[in-house]
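Taking it in order: structure first as C-alpha cells, then the write-up.
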Amino acid sequence: MKYFTVICWDKPDHQSLRSQVRESHLQYLKESGIVRFAGPYLSEDGQLMVGSLVLLHCSDRESAAQWAAEDPYQKAGLFERVAIQEWMHSFGSLPAKTQ
110 MKYFTVICWD KPDHQSLRSQ VRESHLQYLK ESGIVRFAGP YLSEDGQLMV GSLVLLHCSD
170 RESAAQWAAE DPYQKAGLFE RVAIQEWMHS FGSLPAKTQ
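Following the working numbering, the residues of the sequence shown are numbered contiguously, the last one being 208.
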C-alpha cells in the first residue's frame, strides 16, 4: 500500500456549493476506508474554505484517481484543479486508521 495526497483548489466564489455538498463529502471520506486524514485549505484571512487536502492509503495512483473522481465535491463541480501525488511518510505519526 502507498500514500497519495489529493490536493484540490476550489473554483472562485463557490463557497455555497461547498456548503451544499459538505455532508455528502464527509460521509464519502468516512465510508471509503482509505482516507487517513483530510481538511480544507483556508483563505489568507482564515474565513473561507478554498480547497482541500486528503491523504489516501491505497494500492496505486489509479485507485487514488478513482477515489478523487468519485468525491462528491468533484462530482458537483467544486474544484478548479486537482493534483494527485504519491507521498512518502518520513516524520511524525499518522492518525490511526478509523473503522
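C-beta atoms are modelled at their ideal positions from N, C-alpha and C, and glycine is treated no differently.
With DSSP collapsed to three states, give me the class of Ser152.
If DSSP states are grouped into helix, strand and coil, Ser152 belongs with coil.
Classify Leu164 as helix, strand or coil using the three-state DSSP reduction.
Three-state DSSP puts Leu164 in a strand.
Which residues in the same chain as Val182 place their Cβ atom closer than 8 Å to its Cβ, once the five residues preceding and following it in sequence are excluded?
The sequence shown places Tyr at residue 182, not Val. Result list for Tyr182: Cys117, Arg127, Val130, His134, Ser161 and Phe188, in chain order.
Name the one or two DSSP bridge partners that Arg190 has.
Paired residues: Trp118.
What does DSSP give as the partner residue(s) for Trp196 in the beta ladder?
Its beta-bridge partners are Tyr112.
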